[in-house]
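These notes concern the structure reproduced below.
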Amino acid sequence: ATWATEKRSVALIVQGGFAACTGGMVNNTANDGTPYFLTADHCLGNPGSWVYYFNHESATCNGTTAPTNQSISGGTLLVAENGADVALIELSQTPPSSFNVQYAGWDATGVVPDGTVGIHHPGGDIKKICFDYDSPNLQNYFGTAVWYINEWEDGVTEPGSSGSPLFDLNHRIIGQLYGGTAACTGFDQNGPENNGESDWYGRFNVSWNLGLSDYLDPAGTGTLVMDGYPTGAFANDASVNITGSPESVVC
1 ATWATEKRSV
11 ALIVQGGFAA
21 CTGGMVNNTA
31 NDGTPYFLTA
41 DHCLGNPGSW
51 VYYFNHESAT
61 CNGTTAPTNQ
71 SISGGTLLVA
81 ENGADVALIE
91 LSQTPPSSFN
101 VQYAGWDATG
111 VVPDGTVGIH
121 HPGGDIKKIC
131 FDYDSPNLQN
141 YFGTAVWYIN
151 EWEDGVTEPG
161 SSGSPLFDLN
171 HRIIGQLYGG
181 TAACTGFDQN
191 GPENNGESDW
201 YGRFNVSWNL
211 GLSDYLDPAG
221 TGTLVMDGYP
231 TGAFANDASV
241 NITGSPESVV
251 C
């Protein structure tokens with residue numbers, strides 16, 4: 001419930017009728033609703049032929065179906081860099097107000113958070129959430145600057161979660177999913193079982209200097225921390241009771 005605002009920024013990417021990756025809408029310092037969409041560089045294809053599905057989620061925790069009637073077709077690639085596995089796309093049109101889209105805030109300072117949250121579409125599934133209650137580590141993975149998530153305590157990513165946003169406990173994006181070995185190993189009475197493996201996320205603070213700042217701070221204000229638009233941080237609940245880490249197989 002405390003992530004109900006941020007989840008509205010996350011969308012499923014579909015290419016040629018098949019679920020490909022995940023990404024999220026991001027705010028800019030002009031607070032003007034420009035439809036910028038953040039995902040991973042390794043997810044590219046051709047964003048101009050992608051379909052971006054918003055609010056593909058269940059109305060209940062255990063639901064298995066979700067609407068697919070809120071989508072945008074096409075977008076223009078603005079940034080593609082493997083130094084932090086980042087891609088920034090401007091969608092072909094602004095999502096209509098009926099989609100109730102949130103443009104997520106971000107933190108480009110590189111400060112290590114006490115814990116992290118991922119919101120994503122694993123394997124093209126309806127929207128899911130996962131929690132790491134520990135601080136991530138700073139690492140370099142084959143030339144890519146990443147946040148290393150040792151293990152998810154609640155929830156887990158899978159192929160298809162790639163490109164999805166990683167949030168700090170201030171509800172701001174600090175990265176996007178690059179790769180990893182985290183996955184479901186099966187099911188028990190409580191749902192999917194976590195295999196206890198690791199994930200890596202491209203670091204937003206590194207992406208900032210690889211081209212993101214040109215678009216997300218268009219006036220060159222020097223801002224490094226930004227809340228969401230039109231709803232700011234902690235809109236759902238001012239308290240965050242987790243304290244303090246990429247995705248299952250690069251896809």
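Letter 163 of the sequence shown, counting from 1, is numbered 163 in this note's numbering, and no numbers are missing.
By construction, the Cβ of each residue, glycine as well, lies at the ideal position given by its N, Cα and C atoms.
Note that the structure is a prediction, hence the values are computed from the model and not measured.
Assuming residue i is part of the alpha helix (DSSP H), what are its boundary residues?
i      : result
Tyr215 : 213 to 216
Gln207 : For the sequence presented, residue 207 should be read as Ser rather than Gln. Residues 204 to 207.
In the DSSP assignment, the beta strand (DSSP E) including residue i goes from what residue to what residue?
i      : result
Val51  : 51 to 54
Val26  : 18 to 26
Gln15  : 10 to 15
Cys130 : 128 to 132
Gln102 : It is not in any beta strand (DSSP E) - Gln102 carries neither H nor E in the DSSP assignment.
Trp3   : Run containing Trp3: none; DSSP gives neither H nor E here.
Glu90  : 86 to 91
Gln176 : 172 to 180
His120 : 116 to 120
Gln70  : Taken as a continuous stretch (DSSP letters only), Gln70 belongs to no beta strand (DSSP E), as it is neither H nor E.
Tyr229 : That residue, Tyr229, is in no beta strand (DSSP E); it is neither H nor E in DSSP.
Phe167 : 165 to 167
Ala145 : 144 to 149
Leu210 : Premise fails: Leu210 is in no beta strand (DSSP E) and is neither H nor E.
Thr39  : 36 to 39
Leu44  : Unbroken run through Leu44: none, as it is neither H nor E.
Quick one: Cα of residue i to Cα of residue j, how far?
i      : j      : result
Pro136 : Ala84  : 16 angstroms
Pro165 : Ser98  : 23 angstroms
Glu158 : Cys61  : 18 angstroms
Pro67  : Asn55  : 7 angstroms
Thr94  : Thr34  : 7 angstroms
Asp114 : Asp134 : 6 angstroms
His171 : Trp3   : 8 angstroms
Ala104 : Gly196 : 28 angstroms
Gly228 : Asn27  : 6 angstroms
Asn150 : Gly74  : 35 angstroms
Ser161 : Gly110 : 22 angstroms
Asp214 : Leu177 : 22 angstroms
Glu6   : Leu12  : 14 angstroms
Leu77  : Leu44  : 9 angstroms
Pro47  : Asn100 : 22 angstroms
Glu153 : Thr116 : 10 angstroms
Glu193 : Trp147 : 23 angstroms
Ile89  : Ile119 : 19 angstroms
Ordered along the chain, which non-local residues of its own chain (more than five positions away) have a Cβ less than 6 angstroms from that of residue i?
i      : result
Val206 : Ala84, Ala145
Val240 : Residue placement at Val240 is poorly supported in this model, since its pLDDT is 39, which falls under 50; the coordinates still yield a value, given next. Leu169, listed in sequence order.
Asp217 : Thr29, Thr223
Glu57  : Ala66, Ile126, Lys127
Val274 : Nothing in the structure corresponds to residue 274, since the chain is present only between 1 and 251.
Val249 : Because the pLDDT of Val249 is 36, which lies under 50, any placement of that residue in the model is unreliable, and the number read from its coordinates should be weighed accordingly. These residues qualify, in order along the chain: Pro159.
Ser9   : Gly24, Met25, Gln102, Ala104
Excluding the five sequence neighbours on either side, which residues of its own chain have a C-beta within less than 7 angstroms of the C-beta of residue i, listed in chain order?
i      : result
Trp208 : Ala108
Leu91  : Pro35, Phe37, Tyr52, Ile72, Gly75
Quick one: what's got a C-beta closer than 8 angstroms to residue i's C-beta in the same chain, skipping five residues either side?
i      : result
Gly16  : Ser49
Leu210 : Val79, Glu81, Gly83, Ala84, Val86
Thr221 : Thr29
Thr64  : Ser58, Ile126
Ala219 : Thr29, Ala30
Please check the pair residue i and residue j, which I expect to be a contact at CB under 8 angstroms, by giving their CB distance rounded to whole angstroms.
i      : j      : result
Lys128 : Gly155 : 6 angstroms
Gly175 : Arg203 : 5 angstroms
Thr231 : Gln70  : Not confirmed; about 18 angstroms, so no contact.
Val14  : Tyr53  : 6 angstroms
Ser198 : Thr185 : Actually they are not in contact, since the Cβ atoms of Ser198 and Thr185 sit about 14 angstroms apart, beyond 8 angstroms.
Could you tell me whether the segment 119 to 127 touches the segment 141 to 149, using the rule of 3 or more Cβ pairs below 8 angstroms? No: fewer than three Cβ pairs fall under 8 angstroms.
Taking 8 angstroms as the cut-off, does the segment 33 to 51 touch the segment 17 to 25 (at least 3 CB pairs, one atom from each stretch)? Taking 8 angstroms as the limit for Cβ pairs, the verdict is that the segment 33 to 51 does touch the segment 17 to 25.
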